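Worksheet: one structure, shown below.
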Amino acid sequence: MAYWLMKSEPSEVSFDDVLGMPGKRVLWFGVRNYQARNFMMRDMKKKDGVLFYHSTCAEPGIVGIAEVSHLAIPDETQFDATSKYFDPKATRETPRWFNVEIKALKKTRLISLAELREHEGLGEMKLLARGNRLSITPVTEKEWNAILKML
DNA sequence: GCCAACGTTGGC
DNA sequence: GCCAACGTTGGC
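For the first sequence, the working numbering assigns the number 225 to the last residue and increments by one with no breaks.
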């Protein structure tokens, strides 16, 4: 079992939005970065733990716990010419972009970015690495457990 | 709005 | 393959 941190802009899809969706599930559409895509395509398995993170907002931080509920499938938005995620180089035969589905499990208090940075046990966390911009990053079991204890 | 950091593109 | 230019991310 692996653990991940996934960033979402709450103005686009917030944790509360996901809680309101059928089955509390959402497809992680719109990722257009190969490293993040490869995590979804190759590494993310059903039942993997997910920290749901709000970015590009007033209070960036972890806001909920989720799990991977479906293995990666082609991202429909890449084929949609009206979508901002449209990719003219993608075809149905050879899709470029994939997304897993995640299921919201539990809303948490906001664990802010500042609080994560202050926590001694999280010094190696990928999210906190200088210059990190990846929207999906692996989380170690140790980090996962440390964060659950902060709740 | 600013800016650091990183990823992608495309000419050579 | 190199690398400059450009675009994006995301915190502040």
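All C-beta atoms in this analysis are idealised placements derived from N, C-alpha and C, irrespective of residue type, glycine included. Bear in mind that the values here come from a model prediction, so they are computed numbers and not experimental data.
The beta carbon of residue 146 sits closer than 8 Å to those of 114, 115, 118, 172, 173, 174, all from its chain and outside the five residues before and after it, given in chain order.
Measuring C-alpha to C-alpha distances from residue 215 to each of 205, 198, 209 identifies 198 as the nearest. Residue 194 is positioned such that its CB atom lies no closer than 8 Å to that of residue 129. CA-CA distance, residue 209 to residue 223, rounds to 23 Å.
Excluding residues up to 5 positions away in sequence, nothing lies with its Cβ nearer than 6 Å to the Cβ of residue 150 in the same chain.
The alpha carbon of residue 103 has as its nearest neighbour, out of 136, 170, 225, the alpha carbon of 170. In the structure shown, residue 173 adopts extended strand secondary structure according to DSSP, grouped into three states. Contact check for residue 77 and residue 213: beta-carbon distance about 4 Å, within the 8 Å limit, so the pair qualifies. Distances from the CA of residue 95 to each of 204, 142, 178 were compared; the closest alpha carbon is that of 178. For residue 78, there is no enclosing alpha helix (DSSP H); the residue is found in the beta strand (DSSP E) stretching over 77-82.
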